[in-house]
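Trainee: Numbering (the numbering used here), first residue to last: 917 to 1027.
We put the beta carbon where it would ideally sit given N, CA and C, even for glycine.
All values reported here derive from a predicted model rather than from experimental measurement.
1) Is the distance from the Cβ of residue 959 to the Cβ of residue 935 below 8 angstroms?
2) How would you write the range of the alpha helix (DSSP H) that residue 924 sits in, first residue to last?
3) Hey, how far is the Cα of residue 943 from the Cα of residue 984?
4) Helix or strand or just coil, what does DSSP make of residue 968?
5) Does the Cβ of residue 932 have 16 or more other Cβ atoms within 10 Å, making it buried, or fewer, making it exposed?
6) Starting from the Cα of residue 927, find the closest Cα among 1020, 954, 967 and 978 and give me that residue.
7) Taking the straight line between their C-alpha atoms, what separation do you get for residue 975 and residue 922?
8) Using beta-carbon positions only, say whether residue 1028 and residue 952 come within less than 8 angstroms of one another.
9) Under 8 angstroms between the Cβ atoms of residue 919 and residue 946?
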């Protein structure tokens, strides 16, 4: 994960946790200091300070609106659904096989 991704993840809670293993952390090993300068070595920096760094852009999350879908299908609104279920079950292959077996047994019993 990049430092920016980890810092964005850390903004979602008071005590930041690793997105993968959920271990709490308060420091990150980074190449970029709080003032924005880059180094060729890694050093430990406080997450609290990194969140206030001028180079870190907070992710703005807009509230989403619940949109009513007029074409949404609701099972309770379909008065013919039971008829469809009955048709499918009546014509299913297992029922046809069962009826054939019953007819064959009746023919054997009659002969």
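Mentor: Let's see:
1) Inclusion of residue 959 and residue 935 in the CB contact set at 8 angstroms is not warranted, their separation being larger than that value.
2) Note, residue 924: alpha helix (DSSP H), 919-926.
3) When the Cα atoms are used, residue 943 and residue 984 turn out to be separated by approximately 44 angstroms.
4) Looking at residue 968 - three-state DSSP - the assignment turns out to be coil, as it is neither helix nor strand.
5) Classification for residue 932: buried.
6) The shortest Cα separation from residue 927 among 1020, 954, 967 and 978 belongs to 967.
7) C-alpha separation (whole angstroms): 12 angstroms.
8) In the structure as shown, the chain starts at 917 and stops at 1027, and residue 1028 therefore has no counterpart that could be examined.
9) Inclusion of residue 919 and residue 946 in the CB contact set at 8 angstroms is warranted, their separation being smaller than that value.
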